[in-house]
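Engineer: Next up is a structure, given as structure tokens.
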Amino acid sequence: MENSEAKKVIFSGIQPSGNITLGNYLGAIKSWVKLQEDYDCYFCVVDLHAITVPQKPKDLRSKTLELLSIYLAAGIDPEKNTLFIQSHVPAHAECGWLLTCNSYVGELSRMTQYKDKSKKFGDSIGAGLFMYPVLMAADILLYQTDLVPVGKDQTQHLELARDLANRFNNAYSETFKIPTGYIPKEGAKIMSLQEPTKKMSKSDENVNSFILVMDPPEVIRKKISRAVTDSVGVINYTEEQPGVKNLIDILATIKGENPFDIVKNYENLGYAELKKDVADAIIEELAPIQARALELQKDKKALEEIYRNGAQKASYVANKTLRKVQKKIGFIPR
Ligand code: TYM
């Protein structure tokens, strides 16, 4: 914790709704592991967000702990960072409400994720899905966050967080730091293996469209071998060949190499060779994480100590901001 005052602050989170995909890992967790060395990081399991869609209580409990174990297994150090579960810090829900009262229905209706979901569910779409970007803004703003490492799909929500912070600061005087997004150069948008113009998503009905962080090696191999490519037959890194491009992106992100350098290795080779290398790279990357995560899940006491300490550290910082916000709004101090 020494030096933490001088370090810039990072906040990010993942929903424990269902299983964590390779997209979540490459777009978020993998870059967090690098950033933890230089920033004061808050990494959260955002369970309040997960209940925007129905969750079975038993599954929510196990997925929350599984996600925490994946953070740890991927190399997030609980001593250096604050790891916690969102519902353990009630300031998130409360600040969410205070910001809700400074948000417009119009701006929330324009969120593309909401628009997509409302097409599917119509009038019976949950109100939580509509409000969720405001809660996300509260998550970020409570920690006076400088940087938010997320995949590309979250940029619109981040923009809203900035707007809400600016609006509040203008209405009541400087209160929130204005956060900036950190979108990784590689891996920011891993696409569906079956429809490579759509992002890889855990809520996809087709299980062959995503790889899960906890998928066993033979399943990973099968899903990659079935990944949709094209009839061009040559390995190029171009939007015209979205399936092949996605496979190269996955390989480039795992290896930390430039996609165009990767293409050079496949000059006279075909899709089968590329797919084999992609599957090997994913398995090599995920196997140690899977083993560690399963090990960590056995020790419930150790996990409990981590999330309790994390909630304590997070609450201290979040409550400080929340008190400021309450006072500026005109609430009587307790
Ligand atoms: P969620 O749980 O949908 O996704 C978690 C993280 O994974 C990234 N991601 C991807 N990156 C690359 N390719 C993909 N196919 C892919 N799919 C998902 C997301 O961009 C995200 O970084 N609202 C957030 C959770 C959240 C949050 C926050 C994030 C709540 N509060 C505050 C940052 C800060 C969400 O639903 O992410």
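Under this note's numbering, residue 355 is the last one in the sequence shown; the count climbs by one each step, no gaps.
Even for Gly, the Cβ is constructed at its ideal location relative to N, Cα and C.
Since I believe residue 199 is in contact with residue 191 (beta carbons under 8 Å), could you give me their beta-carbon distance rounded to a whole number of angstroms?
Structural biologist: Counting from 1 along the sequence shown, the entry for residue 191 is found at position 170. Counting from 1 along the sequence shown, the entry for residue 199 is found at position 178. About 11 Å separates the beta carbons of residue 191 and residue 199, which is beyond the 8 Å limit, so they are not a contact pair.
Engineer: Going straight from the alpha carbon of residue 63 to that of residue 104, what length do you get?
Structural biologist: Counted from its first residue, the sequence shown places residue 63 at position 42. Counted from its first residue, the sequence shown places residue 104 at position 83. Each residue's Cα considered, the two are about 6 Å apart.
Engineer: Hey, is residue 190 close to the ligand TYM, as in C-beta under 7 Å from one of its heavy atoms?
Structural biologist: The sequence position of residue 190 within the sequence shown is 169, counting from 1. Residue 190 Cβ: outside cutoff for every heavy atom of the ligand TYM.
Engineer: For residue 275, report the span of its alpha helix (DSSP H) as first-last.
Structural biologist: Counting from one through the sequence shown, the residue named residue 275 turns up at place 254. That run of the alpha helix (DSSP H) goes 263 to 276.
Engineer: If you reduce the DSSP assignment to three classes, tell me which class residue 23 lands in.
Structural biologist: In the sequence shown, the residue the question calls residue 23 occupies position 2. Unreliable positioning characterises residue 23 in this predicted model, as indicated by a pLDDT of 48, which lies under 50. A coordinate reading is not provided.
Engineer: From 165, 161, 194, 189, pick the residue whose C-alpha is nearest to that of residue 179; which is it?
Structural biologist: In the sequence shown, residue 179 corresponds to position 158, counting from 1. Among 165, 161, 194, 189, the Cα nearest to that of residue 179 belongs to 161.
Engineer: Would a C-beta distance cut-off of 8 Å place residue 250 and residue 265 closer than the cut-off?
Structural biologist: Your numbering for residue 250 matches position 229 in the sequence shown. Your numbering for residue 265 matches position 244 in the sequence shown. For residue 250 and residue 265, yes; Cβs fall inside 8 Å.
Engineer: In chain order, what are the residue ranges of uninterrupted alpha helix (DSSP H) at least 4 long that sit wholly in the region 87 to 144?
Structural biologist: 112 to 121, 126 to 130, 133 to 142
Engineer: In or out: residue 78 buried (at least 16 other Cβ within 10 Å) or exposed?
Structural biologist: The residue you call residue 78 lines up with position 57 of the sequence shown. Its Cβ having fewer than 16 others within 10 Å, residue 78 is exposed.
Engineer: With a threshold of 7 Å (Cβ to nearest heavy atom), would residue 197 be considered close to the ligand TYM?
Structural biologist: The residue labelled residue 197 in the question sits at position 176 within the sequence shown. With a cut-off of 7 Å, the C-beta of residue 197 is classified as distant from the ligand TYM, since no heavy atom of the ligand falls inside that distance.
Engineer: Closer than 8 Å is the cut-off here; do at least three beta carbon pairs connect the region 127 to 145 with the region 86 to 103?
Structural biologist: In short, these stretches do not touch, since the Cβ pair count stays below three.
Engineer: So, with DSSP's three-state summary, where would you put residue 240?
Structural biologist: By 1-based counting over the sequence shown, the position of residue 240 is 219. Reduced to three states, the DSSP call for residue 240 is helix.
Engineer: Which residues in the same chain as residue 49 place their Cβ atom closer than 7 Å to its Cβ, once the five residues preceding and following it in sequence are excluded?
Structural biologist: Numbered from 1 along the sequence shown, position 28 holds the residue referred to as residue 49. The residues are 33, 35, 170, 171, 172.
Engineer: Please state whether DSSP places residue 320 in a helix, a strand or coil.
Structural biologist: Numbered from its first residue, the sequence shown carries residue 320 at position 299. Of the three classes helix, strand and coil, the one that applies to residue 320 here is coil, per DSSP.
Engineer: With distances taken Cα to Cα, identify the nearest neighbour of residue 158 among 320, 121, 147, 286.
Structural biologist: As a first step, residue 158 is located in the sequence shown; it is residue number 137 there, counting from the start. For the residues 320, 121, 147, 286, the minimum Cα distance to residue 158 belongs to 121.
Engineer: Less than 8 Å between the CB atoms is what I'm expecting for residue 156 and residue 69, so what's the real figure, rounded?
Structural biologist: Against the sequence shown, residue 156 aligns to sequence position 135. Against the sequence shown, residue 69 aligns to sequence position 48. 6 Å between Cβ atoms; contact.
Engineer: Taking residue 284 as part of the alpha helix (DSSP H), name the residues at either end of that continuous run.
Structural biologist: As a working mapping, residue 284 is identified with position 263 in the sequence shown. Start and end: 280 to 285.
Engineer: Using the C-alpha atoms, what's the distance from residue 91 back to residue 314?
Structural biologist: On the sequence shown, position 293 is the one that residue 314 refers to. On the sequence shown, position 70 is the one that residue 91 refers to. Spanning the two alpha carbons is a distance of roughly 5 Å.
Engineer: So, is residue 290 buried or exposed, given that buried needs 16 or more other C-beta atoms within 10 angstroms?
Structural biologist: Position 269 of the sequence shown, counting from 1, holds the residue named residue 290. With fewer than 16 other Cβ atoms within 10 Å, it is exposed.
Engineer: Go ahead and label residue 243 buried or exposed: buried means 16 or more other beta carbons lie within 10 angstroms of its beta carbon, across all protein chains shown.
Structural biologist: In the sequence shown, the residue the question calls residue 243 occupies position 222. So residue 243 ends up on the exposed side.
Engineer: Measuring straight from C-alpha to C-alpha, what distance separates residue 25 and residue 263?
Structural biologist: Sequence index remark: in the sequence shown, residue 25 carries index 4 (1-based). Sequence index remark: in the sequence shown, residue 263 carries index 242 (1-based). The predicted position of residue 25 is uncertain, since its pLDDT is 49 and thus under 50; no value can be drawn from it.
Engineer: Between residue 61 and residue 28, is the Cβ-Cβ spacing less than 8 Å?
Structural biologist: Here residue 61 is taken as the residue at index 40 of the sequence shown, counted from 1. Here residue 28 is taken as the residue at index 7 of the sequence shown, counted from 1. Result yes, Cβ atoms of residue 61 and residue 28 sit closer than 8 Å.
Engineer: Ignore the nearest five residues each way along the sequence and tell me which others in residue 119's own chain have a CB closer than 7 Å to its CB.
Structural biologist: The residue labelled residue 119 in the question sits at position 98 within the sequence shown. Apart from the 5 residues on each side of it in sequence, residue 119 sits with its Cβ closer than 7 Å to the Cβ of 346, 350 in its chain, given in chain order.
Engineer: Compute the Euclidean distance between the alpha carbons of residue 245 and residue 309, then round it to the nearest angstrom.
Structural biologist: Start at 1 with the first residue of the sequence shown, and residue 245 comes out as number 224. Start at 1 with the first residue of the sequence shown, and residue 309 comes out as number 288. Whole-angstrom Cα-Cα distance: 19 Å.
Engineer: Does DSSP put residue 33 in a helix, in a strand, or in coil?
Structural biologist: Translated into positions along the sequence shown, residue 33 becomes position 12. Strand, per DSSP.
Engineer: DSSP on residue 258, reduced to helix/strand/coil?
Structural biologist: Taking the sequence shown and counting its residues from 1, the one referred to as residue 258 is at position 237. Reduced to three states, the DSSP call for residue 258 is coil.
Engineer: Express the C-alpha separation of residue 324 and residue 89 in angstroms, rounding to a whole number.
Structural biologist: Within the sequence shown, residue 89 is the residue found at index 68, counting from 1. Within the sequence shown, residue 324 is the residue found at index 303, counting from 1. One C-alpha to the other measures close to 8 Å.
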